[in-house]
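Working notes for the structure below.
Shown next, in the form of structure tokens:
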């Protein structure tokens, strides 16, 4: 692969803070400065779409709201009066060109020196919108967007004697350099959230506010101890991008049902709905199988293999033998059904399902 070294985008984030004595205020300017050396009109990485988070200080505390100038610079200035005050916003890093990019280097400095620790009274972070940390070699493919989240907060979990006795002048600098992607590129591993809610969740939408989303499977199971399964959603920039169901085969279950294999198993929802498709199953042409007259998800084969491994063929029935087949597996206390479009899992107390290409919910 030919590497064009001139195809570089430098995204520079500079934050200047002034902290008064005691509980005075933090005054901050955040500058996101970028320069680009371009050999081709197709190399285009820039900032766009600033969104301020609810709960951020507002009114007179916002001296200058974040704005973008020259497509590569963001400036803002806020005042944080008391511990607990914060200001947070997101800004999109947009690759509008035709060349795939990746993060080359990341550098964070405090007053000109590489950061090893922040002052005790300060919380400051720059991540992707869903909280995932930035890493070298994270890709930014052409015609895609990754959203950065910038947050500055006056800490509450400190003692009075941890505040500075005199005014402080702090310069926080965060630099990200994008360059042309190479074979070393890695995908961004966005957050996984675990849910057991009966509220419907759909791919392409945020998880509803009424839904409790857990960070680990253990937390989800603790909230519904009688269920051996739970929903899992991949969250990218606050939006559901993938839906899964995970189920558990315990040693006790495997012992009572020969053929089962102990483990935690994941099956993926069929998120390929195209509402404008003329097909009767409303799927994209690329997934339509003329021979069977239906839509066969690219995930169906792997989902089928997963449940057969978990349950063993002796505990499963192929309800429609042939290319377009459905698998229904059942033992005492747990059943799993996987078809080309739908997934459902049931136990004594509840049932979870993913249907309609990415719509997921539980029933109790």
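Numbering (the numbering used here), first residue to last: 1 to 364.
A virtual CB, placed ideally from N, CA and C, is assigned to each residue, including glycine.
None of the values given here were measured: they were computed from a predicted structure.
{"Query": "Residue 258 classed as buried or exposed, judged by whether at least 16 other C-beta atoms fall within 10 angstroms", "Result": "exposed"}
{"Query": "Candidates 342, 87, 362, 111: closest to residue 351 by CA position", "Result": "362"}
{"Query": "Terminal residues of the alpha helix (DSSP H) in which residue 300 lies", "Result": "300-311"}
{"Query": "CB contact flag (residue 160, residue 95, <8 Å)", "Result": "no"}
{"Query": "Residue 314 (DSSP reduced to helix, strand or coil)", "Result": "helix"}
{"Query": "Under 8 Å between C-beta atoms of residue 191 and residue 92", "Result": "no"}
{"Query": "For residue 317 and residue 224, the rounded distance between their alpha carbons", "Result": "28 Å"}
{"Query": "Same chain only: Cβ atoms within 6 Å of residue 339, ignoring 5 sequence neighbours per side", "Result": "326"}
{"Query": "Cut-off 8 Å between Cβ atoms - residues of its own chain near residue 116, not counting five sequence neighbours on either side", "Result": "none"}
{"Query": "Inter-stretch contact (C-beta, 8 Å, three-pair minimum) for the region 228-236 and the region 182-197", "Result": "yes"}
{"Query": "Reduced DSSP category for residue 255 - H, G, I as helix; E, B as strand; rest coil", "Result": "helix"}
{"Query": "Limits of the unbroken beta strand (DSSP E) element including residue 141", "Result": "Neither: residue 141 is in no beta strand (DSSP E) and is coded neither H nor E."}
{"Query": "Beta carbon of residue 63 nearer than 8 Å to that of residue 77", "Result": "yes"}
{"Query": "Opening and closing residue of the beta strand (DSSP E) in which residue 48 lies", "Result": "45-52"}
{"Query": "Pairwise C-alpha distance: residue 132 and residue 176", "Result": "15 Å"}
{"Query": "Closest residue to residue 181 among 155, 200, 142, 254 (Cα-Cα distance)", "Result": "142"}
{"Query": "Residue span of the beta strand (DSSP E) that contains residue 221, given as start and end", "Result": "Residue 221 -> not in any beta strand (DSSP E); alpha helix (DSSP H) instead, spanning 217-223."}
{"Query": "Endpoints, beta strand (DSSP E) assigned at residue 263", "Result": "263-268"}
{"Query": "CA-to-CA distance, residue 173 to residue 110, given in whole angstroms", "Result": "6 Å"}
{"Query": "Buried/exposed call for residue 70, threshold 16 Cβ in 10 Å", "Result": "exposed"}
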